[in-house]
Each structure stands twice: as structure tokens, then as C-alpha cells.
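Take any residue in the sequence shown, note its place counting from 1, add 3, and you have its number in the numbering used here. By construction, the Cβ of each residue, glycine as well, lies at the ideal position given by its N, Cα and C atoms. Values in this document were obtained by computation on a predicted structure and should not be read as measured data. The structure appears right after this line, and notes come after that.
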Amino acid sequence: ETLHEVTQIGKECHHGCAIKVQVGQCIMPKEGIFTRVLVGGTINTGDEISVV
Numbered sequence: 004e005t006l007h008e009v010t011q012i013g014k015e016c017h018h019g020c021a022i023k024v025q026v027g028q029c030i031m032p033k034e035g036i037f038t039r040v041l042v043g044g045t046i047n048t049g050d051e052i053s054v055v
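Now the structure itself:
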């Protein structure tokens, strides 16, 4: 189990964005979530998350 604090939601897309090149549009402005790790651990694809 890990604990993270959300520090930013969304991020302006920059020139040369790899996501935009691969997908055709950048998802970061609406779907990017950045956190600060408060308690470290292992996170795997498919793990559940909960908001506290």
C-alpha cells in the first residue's frame, strides 16, 4: 500500500510531446495527475485506488 498527495491535475502540452506524436492528441491537460509520494511501495497495473 502506498500513500500519495495530489499536487497537480493536468499539465500544459509542450512542443514535441511523445504522447501527442503516438496518439494524435495530448491527454496531459485533462488526464495527467501528479502526486508526491508520502508512503512508498509497489503499485501494479490494475491495482485499485481510493481517495481519502
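Quiz item: Counting pairs of beta carbons, one from the segment 42-52 and one from the segment 12-31, are three or more of them closer than 8 Å?
Solution: At 8 Å Cβ cutoff, the stretches do not touch.
Quiz item: Start and end of the beta strand (DSSP E) containing Gln25?
Solution: As a position in the sequence shown, residue 25 is number 22, starting the count at 1. Where Gln25 is concerned, there is no enclosing beta strand (DSSP E), although the alpha helix (DSSP H) it sits in stretches over 21-26.
Self-check item: Local conformation of Glu34 per DSSP, three classes
Solution: In the sequence shown, the residue the question calls residue 34 occupies position 31. Here Glu34 carries a helix assignment [DSSP, helix/strand/coil].
Quiz item: Which first and last residues belong to the beta strand (DSSP E) in which Ile52 is found?
Solution: For the purposes of this step, residue 52 is taken as residue 49 along the sequence shown, with counting starting at 1. Note, Ile52: premise wrong, no beta strand (DSSP E); not H, not E.
Practice problem: Within the same chain, show all residues whose beta-carbon is closer than 8 Å to that of Thr38, passing over the 5 residues directly before and after it, in chain order. | Solution: What you label residue 38 is simply residue 35 of the sequence shown in a count that begins at 1. Answer for Thr38: His7, Glu8, Val9, Thr10, listed in chain order.
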